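In what follows, a single structure is set out as structure tokens and then discussed.
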Amino acid sequence: MLNILPEPILKYLIDKLPPFTGILMIKTSDEGIVSGWYGNPTDYLDELPVEGADISEMIPALFGMIPPLVVPTVLSRIQTREECIADIHIAQDESTGEFWIFFVDQTREVENIRQLLQRLNESHLNSGKVYTGNPFGALHLLDYITFEKHPEGNFSLVGDTPPWFIELTSLDLRPGNKIDLADIFPFIDVFVIEADNFWKENHHGNLKSGIWTENSPNGKAYYLNAYAINQNNDNYLIIRPLYQEFDDEQDLIQRAREQSLAFEKLAKAERKLKELLDYKDKFVSIVSHDLRSPVASVLSIAQVLNSDESFLSHLSDFNREMINNIQEEMVRLLDYNDKLYHWSNLELGNFEVIKSKVSLLELVAGAERTATPKLIDKGLKFMTNVPAKLMVEVDKTLFSQVLNNLIGNAIKFTPEGGRIEVIAIDHAKTIRLVVKDSGVGMPEEVAQNLFEGFVRNSTQGTHGEKGTGLGMGIVKKIVDAHYIPIVVKSVVGEGTSFVMEIPKN
49 MLNILPEPIL KYLIDKLPPF TGILMIKTSD EGIVSGWYGN PTDYLDELPV
99 EGADISEMIP ALFGMIPPLV VPTVLSRIQT REECIADIHI AQDESTGEFW
149 IFFVDQTREV ENIRQLLQRL NESHLNSGKV YTGNPFGALH LLDYITFEKH
199 PEGNFSLVGD TPPWFIELTS LDLRPGNKID LADIFPFIDV FVIEADNFWK
249 ENHHGNLKSG IWTENSPNGK AYYLNAYAIN QNNDNYLIIR PLYQEFDDEQ
299 DLIQRAREQS LAFEKLAKAE RKLKELLDYK DKFVSIVSHD LRSPVASVLS
349 IAQVLNSDES FLSHLSDFNR EMINNIQEEM VRLLDYNDKL YHWSNLELGN
399 FEVIKSKVSL LELVAGAERT ATPKLIDKGL KFMTNVPAKL MVEVDKTLFS
449 QVLNNLIGNA IKFTPEGGRI EVIAIDHAKT IRLVVKDSGV GMPEEVAQNL
499 FEGFVRNSTQ GTHGEKGTGL GMGIVKKIVD AHYIPIVVKS VVGEGTSFVM
549 EIPKN
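For the sequence shown, our numbering gives the first residue as 49, with consecutive numbering after it.
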């Protein structure tokens, strides 16, 4: 339906009308002759609209209203058939001159008002007084706005809205519609708690609030006051503006309230952001876990094809190079996927540090074995200076990952013929562990931000190796969980050292 509506009519429908389930739309000429309709006419009319008929013959209230004097025009609470009350909106498509008439059901809201009036009338029969209207329904004429408090905690407008309220908020508030009053007046929350106690104890008279300020979209400040009233067990909240100057003390109190509200909003935003970040990390963890199997399968196939000389002998040089590229890219993708999985789980805190005493030399030797293919490929010299009897108390699996990432990073940024050293120095309270390379080094500003987690633009290695931007973030998470300080020292053109102080106790 929406794709057949002219743009100005669609804009009016979205911007000016409430959620439009059940709306009836009738299109007419500028003389009120029906040319089409959309929706369910039986909800609003006794008969179906007929093309070519005069709209005023079906809805007498529209007699002489097409064309209207003002566009758009709203006719409030028109009885269009028995037991149906509707707001009628008349808008125009200026490009064609046609008019669109919207019928919005208000039967329930009108019935709610009738019930309220009935309760008020019944409550005064014994005193000989019968109200012909809501006792607060006309207060808008005195610049007050009135709300009724409902048992479930929300409010609904009673009567009409005064001009100042319309200027203060763009909210299209309708009588009977239930709302959260704090959405309109954020400072009212505290007073509503006091008012609830006032209403529960069934006090007579009224309870007066303090003064607070609300700002309109054009920057105008309104000083407001509220009253809680109990009228025959019906609870009302009345708000009025105060047109007078205020002293410095009152202004200071208001500023304190505004600051408190700002902190509250910031805290809510922080909680929401944390929820979103947790959701993001969970999503990444799930996806990277599920991707591992298909990526590993493709890598296995590529490795089998690359090792089958009979198969390769039937391929051109170009095709053999393509299969080799597939294998290399799958190795890189699998490495990236594994690091992404570990990083997301570290961010979520989905790990437990289980420490045990292990040989530091054995941990370094294990990391060297893992790195040997890359060391050979780049012709790098790997040297170890770690005492054989030196023991450290760490989580073996997690700390091995730290060494793998640091050594892998050193290989990436060390040119052919360079060297990588792992040195351990036994001090009184700590064991200093250094992973040092003779690579390209890095500028100071890069070194300072190296452990910030995910790095969007990872630097390529000396052989064009592509990084993930995750390795150093993983290292930092793990060493922090072990309470192990780590620093990076680097000089451009001379190399980089990562220094950790592993506590003995």
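For every residue, glycine included, the Cβ atom is placed at its ideal position computed from N, Cα and C. Quick caveat: nothing in here was measured; it's all calculated off a predicted structure.
Please return the same chain residues whose Cβ sits closer than 7 Å to the Cβ of residue 242, not counting the five positions on each side in sequence.
255
Per-residue burial, residue 140 [other beta carbons within 10 Å of its own, 16 or more giving buried]:
buried
Spatial neighbours of residue 237 within its chain, please: C-beta separation below 7 Å, excluding the five flanking residues on both sides.
230
Through-space distance from residue 412 to residue 448, alpha-carbon basis
8 Å
Going by CA-CA distance only, name the one from 406, 279, 468, 366 that's closest to residue 454.
468
So what does residue 260 bridge to, in DSSP terms?
272
Just the C-alpha distance for residue 62 and residue 83, rounded to the nearest angstrom, thanks.
22 Å
Roughly how far, in whole angstroms, is the beta-carbon of residue 472 from the beta-carbon of residue 438, given that I think they are within contact range, below 8 Å?
6 Å
Candidates 360, 217, 233, 367: which alpha carbon is nearest residue 266's?
217
DSSP puts residue 546 in a beta bridge; with which residues?
483, 536
What does DSSP give as the partner residues of residue 148 in its beta bridges?
75, 139
Go ahead and pull the three-state DSSP assignment for residue 94.
coil
Beta-bridge partners of residue 84, as assigned by DSSP:
75
If I follow the unbroken beta strand (DSSP E) through residue 56, where does it start and stop?
No beta strand (DSSP E) holds residue 56; the alpha helix (DSSP H) holding it covers 55 to 64.
Which same chain residues, not among the five before or five after residue 523, have their C-beta less than 6 Å away from its C-beta?
450, 453
Compute the minimum distance between the beta carbon of residue 524 and the heavy atoms of the ligand NAP, and state whether it is under 7 Å.
Looking at this structure, you won't find the ligand NAP or any other ligand, since it has none at all.
If contact is defined by three or more beta carbon pairs under 8 Å, each pair taking one atom from either stretch, is the stretch 485 to 492 in contact with the stretch 534 to 542?
yes
Assigned exposure category for residue 553 - 16 Cβ within 10 Å defines buried:
exposed
Sequence-distant residues of its chain with Cβ nearer than 8 Å to residue 126 (five each side left out)
107, 109, 133, 134, 135, 136
Buried/exposed call for residue 431, threshold 16 Cβ in 10 Å:
exposed
Quick check: the stretch 405 to 422 against the stretch 371 to 380, are there 3 or more CB pairs under 8 Å?
no
Taking the continuous alpha helix (DSSP H) assigned at residue 451, which residues delimit it?
444 to 460
Close beta carbons around residue 374, own chain, < 7 Å, minus the five adjacent residues each side
350
Is the beta carbon of residue 144 sitting closer than 8 Å to the one on residue 286?
no
Over the uninterrupted beta strand (DSSP E) stretch that includes residue 438, give me the two end residues.
Unbroken run through residue 438: none, as it is neither H nor E.
Once you ignore the five residues that flank residue 94 on each side, which residues in its own chain have a CB closer than 7 Å to its CB?
129
Return helix, strand or coil for residue 402, following the three-state DSSP convention.
coil
Have a look at residue 76 and residue 189 and give me their C-alpha separation to the nearest angstrom.
37 Å
I'd like the span of the beta strand (DSSP E) that includes residue 424, first residue to last.
Where residue 424 is concerned, there is no enclosing beta strand (DSSP E), although the alpha helix (DSSP H) it sits in stretches over 408 to 426.
Closest Cβ-Cβ distance between residue 483 and chain C: below 8 Å?
Annotation note: the requested chain C is absent from the structure, which comprises a single protein chain.
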